[in-house]
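Data block below; observations after.
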Amino acid sequence: LQDIPFILHRIVVDRVIFVVPRLWLNRIDEAILACEREGISTSISMDLYNLRIAKVRQTDFGGFPLLEFETFSAKQWQLFLKRTLDIILSFVLSIIFFPIIVFVIIAIKATSKGPVLFSQTRSGLNGRKFKLFKFRTMVVGAEMKKRELEKMNEMDGPVFKIKFDPRITKIGRILRKFSIDEIPQLLNVLQGDMSIVGPRPPLPVEVDLYKMWQRRRLSLKPGLTCIWQVSGRNKIQFEKWMQMDLQYIDQWSLWLDFKILFKTVFVVLFGYGAS
Numbered sequence: 045l046q047d048i049p050f051i052l053h054r055i056v057v058d059r060v061i062f063v064v065p066r067l068w069l070n071r072i073d074e075a076i077l078a079c080e081r082e083g084i085s086t087s088i089s090m091d092l093y094n095l096r097i098a099k100v101r102q103t104d105f106g107g108f109p110l111l112e113f114e115t116f117s118a119k120q121w122q123l124f125l126k127r128t129l130d131i132i133l134s135f136v137l138s139i140i141f142f143p144i145i146v147f148v149i150i151a152i153k154a155t156s157k158g159p160v161l162f163s164q165t166r167s168g169l170n171g172r173k174f175k176l177f178k179f180r181t182m183v184v185g186a187e188m189k190k191r192e193l194e195k196m197n198e199m200d201g202p203v204f205k206i207k208f209d210p211r212i213t214k215i216g217r218i219l220r221k222f223s224i225d226e227i228p229q230l231l232n233v234l235q236g237d238m239s240i241v242g243p244r245p246p247l248p249v250e251v252d253l254y255k256m257w258q259r260r261r262l263s264l265k266p267g268l269t270c271i272w273q274v275s276g277r278n279k280i281q282f283e284k285w286m287q288m289d290l291q292y293i294d295q296w297s298l299w300l301d302f303k304i305l306f307k308t309v310f311v312v313l314f315g316y317g318a319s
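Be aware that the sequence shown starts at 45, since it is given in the numbering used here, and climbs by one per residue.
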């Protein structure tokens, strides 16, 4: 290491790569400074951590160099474009769906007592709590009756699903079949709590029961539609669902979002996989 300055003067060097154990970090300071003075690019390879998923990049915070370990490694311009598309699509879809929204409001008020909208606390990006909006598809007080029906749960894992849930109203069954009850979540997208495409937002009580590896699905903003919804949703076992969400996060791209949106159109039109 002490010969680095001498070597840089004797031969042509474009880059110096240091391969050292972590305990040697304090020994290479002078060598790195020597390269810096010469304008030579340097890299350090070291056994810092045994990473399986996270990608490493160097950043700067107030003049201090930092190593960042990120499992979702999208670039800022990609996230900015995703958010821009979320806002544009939400406005456009709100206009397109306006006649349906009016019809649904009238239908809900005419067929059952209670509010048109149903709001529920969900877990969003990195566990942030937010109010999710839906058209009400169940009778008033349905949450209070859930405990009585828990023994009829048809899903594994912490998720509660019943194909013929007695709490669902007649109009609610139609709204759910074609995912029309999800339209108010366009407001959640505009507020920034959700994205058009992303893992579906879970209930906080479900998150409490997650295995450690399943919590990584919270590392991306939840969405209106996701790969689970276009792949059969309620027919898919919970663990497989979680694996699909993590696969989406690891392979994310704007093109993947467009493919999921395209498939969503057909799923909604034919009510595939809904209950």
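Using N, Cα and C, we set each Cβ at its ideal position, and we do this for glycine too.
Item: Please report the Cβ distance between Met-288 and Ile-271, rounded to the nearest whole angstrom; I am assuming they are in contact, meaning their Cβ atoms lie under 8 Å.; Value: 5 Å
Item: I'd like to know if the region 238-245 and the region 260-270 are in contact, where contact means that at least 3 CB-CB pairs between them fall below 8 Å.; Value: yes
Item: From which residue to which residue does the alpha helix (DSSP H) around Arg-81 run?; Value: 73-82
Item: What's the C-alpha gap between Arg-81 and Leu-52?; Value: 11 Å
Item: Measuring CA to CA, which of Leu-305, Ile-227, Asp-47 is closest to Phe-142?; Value: Ile-227
Item: Who are the near neighbours of Leu-290 in its chain, counting only those whose CB is closer than 7 Å to its CB and skipping five residues on each side?; Value: Arg-260, Arg-261
Item: Considering only the alpha carbon of each residue, which of Ser-239, Val-249, Ile-132 lies closest to Leu-169?; Value: Ser-239
Item: Kindly indicate the opening and closing residues of the beta strand (DSSP E) around Thr-128.; Value: Run containing Thr-128: none in the beta strand (DSSP E); it sits in the alpha helix (DSSP H), 120-140.
Item: Kindly list the residues whose CB is nearer than 6 Å to the CB of Phe-204, restricted to its own chain and excluding five residues on each side of it in sequence; keep chain order.; Value: Asn-197
Item: What does a CB cutoff of less than 8 Å around Ser-87 pick up in its chain, not counting 5 residues either side in sequence?; Value: Arg-59, Val-60, Ile-61, Phe-62
Item: Can you tell me which residues form a DSSP beta bridge with Val-56?; Value: Val-56 pairs with nothing; no bridge assigned.
Item: Can you give me the start and stop residues for the beta strand (DSSP E) that Gln-164 sits inside?; Value: 161-167
Item: In terms of residues, what are the limits of the beta strand (DSSP E) holding Phe-108?; Value: 108-114
Item: Whole angstroms is fine: what's the gap from Ile-304's alpha carbon to Ile-149's?; Value: 28 Å
Item: Is the beta carbon of Ile-215 closer than 8 Å to that of Ile-152?; Value: yes
Item: Residues in the same chain with beta-carbon distance under 7 Å from Met-199, minus the five sequence neighbours each way, listed in chain order, please.; Value: Lys-205, Phe-282
Item: For my contact list, Leu-176 and Arg-166 are in at a C-beta cut-off of 8 Å; report their separation, rounded to the angstrom.; Value: 4 Å
Item: Quick one: measure Cβ to Cβ for Ile-293 and Ser-263, integer angstroms, because I've assumed they're closer than 8 Å.; Value: 6 Å
Item: Excluding the 5 residues preceding and the 5 following Gln-258 in the sequence, name in chain order all residues of the same chain whose CB lies nearer than 6 Å to its CB.; Value: Met-286
Item: Select from Lys-157, Trp-296, Arg-172 the residue whose C-alpha is nearest the C-alpha of Thr-181.; Value: Lys-157
Item: Quick one, are the C-beta atoms of Leu-247 and Ser-134 less than 8 Å apart?; Value: no
Item: Suppose the cutoff is 7 Å on Cβ atoms and the five residues either side in sequence are ignored; what does the same chain contact list for Glu-250 look like?; Value: Pro-202, Val-203
Item: Out of Asp-73, Ile-280, Ser-297, point me to the one whose CA is closest to Trp-121's CA.; Value: Ser-297
Item: Which parts of the region 180-216 are runs of the alpha helix (DSSP H), unbroken and 4 residues or longer, counting only runs that do not cross its ends?; Value: 186-193
Item: Rounded to the nearest angstrom, what separates Ser-138 and Asp-73 at their Cα positions?; Value: 58 Å
Item: Going by DSSP, which residues form a beta bridge with Leu-176?; Value: Gln-164
Item: Quickly, what does DSSP pair Asp-104 with across the bridge? List them, please.; Value: Pro-109
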